[in-house]
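Numbered as in the numbering used here, the sequence shown ends at 172 without a single skipped number.
Data first, discussion second: the structure below is written as structure tokens.
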Amino acid sequence: MVMSQAADILQAYGAKSLFALGGTTFITGAIAAARIGGGWLIDRFAVPRLACMAHLIALSGSCLLLSWPGPGMAVLSMTLIGYGYGFISGLTAGAIARYWHPNAFGRVAGQIYIAWCIAAISLPVLAGWLYDQTQSYDQAMRIAAGVNLLGALMALSLPATARAKVQVQPPSPPRH
């Protein structure tokens, strides 16, 4: 799920226009807070725990909406989904710094951000197509739930400790 469809998703679950607008604004604020929070938490906790937690938060949002569809639950669910994805976004830079050499930061970050851009373009199309076929976002929510479950399991497979720190050699005395 991406935020470009949040208002439509909320309306599909029964929210009126003004409620959908307010809900989307609230969801966006939660994502911003989660991005900051993810960046703060990555300095204090292991990547596997944080990434798993983020995916489980997003998974809980999908499961709640599938279990109890309705406008209020849609706002809560989309907030949880956005919060989970915001955490992932916020912790990614710190995770890259922990697992890769500093010289690889730009390349690795670029590859991750390109993948996110591809997802941001293709997933709304998929969700919209599924909605057009079924008149419901339930299938898109099921896919999101499955991907988040897989993401949580993959996160737990990450190494808990960072790569070995590069030993900095003291400068050698100048030769004459």
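Just so you know, even glycine gets a beta-carbon here, dropped at the ideal spot from N, CA and C.
_Within a Cβ cutoff of 6 Å, which residues of the same chain sit near Ser73, ignoring the five residues on either side of it in sequence?_
Gly57, Leu60, Leu61
- Measure the alpha-carbon distance for Ser132 versus Thr157 and round it to whole angstroms. 42 Å
* **Collapsed DSSP secondary structure at Gly78 in the structure displayed** => helix
- Task: Go ahead and label Tyr9 buried or exposed: buried means 16 or more other beta carbons lie within 10 angstroms of its beta carbon, across all protein chains shown.
- Result: buried
To the nearest angstrom, how far is the alpha carbon of Ile139 from that of Ala54?
12 Å
Enclosing alpha helix (DSSP H) for Tyr109 [first to last residue] | 101 to 130
Practice prompt. Measure the beta-carbon distance from Gly86 to Gly33 and round it to whole angstroms, keeping in mind my assumption that it falls under 8 Å.
Written response: By a beta-carbon distance limit of 8 Å, Gly86 contacts Gly33. Their separation comes to about 6 Å.
- Message: Assuming Ala105 and Ala91 are in contact, meaning their beta carbons sit under 8 Å apart, how far apart are those beta carbons, in whole angstroms?
- Response: Rounded, the Cβ-Cβ distance is 10 Å, inconsistent with contact.
If you check the beta carbons only, do Ala173 and Ala116 fall under 9 Å apart?
Nothing about residue 173 can be read from this structure; the chain reaches only from -3 to 172.
> Is it buried or exposed for Asn144, if we count other Cβ within 10 angstroms and need 16 for buried?
Replying inline: Burial of Asn144 is indicated by the presence of at least 16 other C-beta atoms within 10 angstroms of its C-beta.
Q. In whole angstroms, what separates the C-alpha of Val121 from that of Thr21?
A. 22 Å
Straight-line gap, Cys48 to Leu76 (C-alpha atoms, nearest Å):
14 Å
*asked:* Between which two residues does the alpha helix (DSSP H) holding Thr20 run?
replied: 13 to 38
- Item | Contact under 9 Å by Cβ, Ile38 with Tyr81 | no
message: Let's test the definition: count the other Cβ atoms within 10 Å of the Cβ of His51 and tell me whether it reaches 16, buried, or not, exposed.
response: buried
* Asked: Are Phe15 and Pro67 close, meaning C-beta to C-beta below 9 Å?
  -> At a Cβ-Cβ threshold of 9 Å, Phe15 and Pro67 count as neighbours.
Quiz item: Under the three-state reduction of DSSP, which class applies to His51: helix, strand or coil?
Solution: helix
Return the CA-CA distance between Ile84 and Gly147, expressed in angstroms with no decimal places. 10 Å
Q) Straight-line CA distance for Asp128 to Asn99? A) 46 Å
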